[in-house]
Amino acid sequence: MVIGERLGFLFIHVPKCAGESIRELLLAPANGGRDFLGKHSTYEAALLRLGGSLASLESFAVVRNPFEQVLSFYEHLRKPLFVPHEALERQYPGSAGLLHPEWACELAMREDFPAFVRQAYGMSLPASAPPGAGRNLLRDSCAWMTGPDACISVRRVLRFERLAEGFDRLSGDLGLSGTLPHLNAAHNAADTRSYRARYDEPAREVVERHFARTLREFGYRF
-8 MVIGERLGFL
2 FIHVPKCAGE
12 SIRELLLAPA
22 NGGRDFLGKH
32 STYEAALLRL
42 GGSLASLESF
52 AVVRNPFEQV
62 LSFYEHLRKP
72 LFVPHEALER
82 QYPGSAGLLH
92 PEWACELAMR
102 EDFPAFVRQA
112 YGMSLPASAP
122 PGAGRNLLRD
132 SCAWMTGPDA
142 CISVRRVLRF
152 ERLAEGFDRL
162 SGDLGLSGTL
172 PHLNAAHNAA
182 DTRSYRARYD
192 EPAREVVERH
202 FARTLREFGY
212 RF
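Position 182 (the sequence shown) corresponds to 173 in our numbering; numbering is contiguous.
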């Protein structure tokens, strides 16, 4: 999560939705952003910390087709994990984090994509999974954007599929400087664009259940 008091913004960093690129631009000195709470903290966590002052900020997040997002997450997890365990605990504190990357990386390296989806998001978590692992994987994107009343509360939701257009408008409204970099593109981006070929029917059904709200709210389909 990145906050910028001078320009008045709060960026909710939903995983695998161009967040690293946006974060770099917002943290540039000209834009005055700073890291706030955890990397993937939620709107509700920000509300608890900021209270009524949150209403003065332009809060925004990016949403992506969950079928493509989950595949991108899987491919990201399959990169070698060189981050020390202690650093992971600081970045993704178990008491508040929405991801458990160490265990998730092990699962992604061991299983093919459909099996990963079934185990991570279905009802067949392996015995090796740590406590709360089902909660700490990639959740429905709406979980990052809702307030205590469970309504989507961020002021602006940009679509990953039209990010350049949406972010240009946001930049103009906020007075941001610079252009959006592309830091964390998957090494097999062409493959994630053809995500349908990577799913089998059980894996598709698991994602439909797990990400039902994002699919419904934003009109995404397989």
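Don't be surprised by glycine CBs; every beta carbon is placed ideally from N, CA and C.
Predicted, not measured: the structure shown is a model, and the values here were computed from it.
- Between Phe58 and Val198 a beta carbon distance of about 6 angstroms is seen, short of the 8 angstroms cut, so the two are scored as contacting.
- At a Cβ-Cβ threshold of 8 angstroms, Arg189 and Phe213 do not count as neighbours.
- Cβ-Cβ distances below 6 angstroms link Gly10 to His4 in the same chain, with the five nearest sequence neighbours on each side left out; the list follows chain order.
- Taking C-beta atoms under 8 angstroms as the contact rule, Leu154 and Phe64 fail to qualify, at a distance of about 17 angstroms.
- Where Ile143 is concerned, there is no enclosing alpha helix (DSSP H), because DSSP gives it neither an H nor an E.
- Per DSSP, the unbroken beta strand (DSSP E) holding Ala52 starts and ends at Glu49 to Val54.
- In the three-state reduction of the DSSP assignment, Phe213 falls in the coil class, being assigned neither a helical nor a strand state.
- CA-CA distance, Ala46 to Ala52, rounds to 15 angstroms.
- Membership of Phe2 in the beta strand (DSSP E) is indicated by the continuous run Phe0 to Ile3.
- Arg147 sits in a strand when the DSSP states are folded into three classes.
- Here Ala194 is buried, its C-beta having at least 16 other C-beta atoms within 10 Å.
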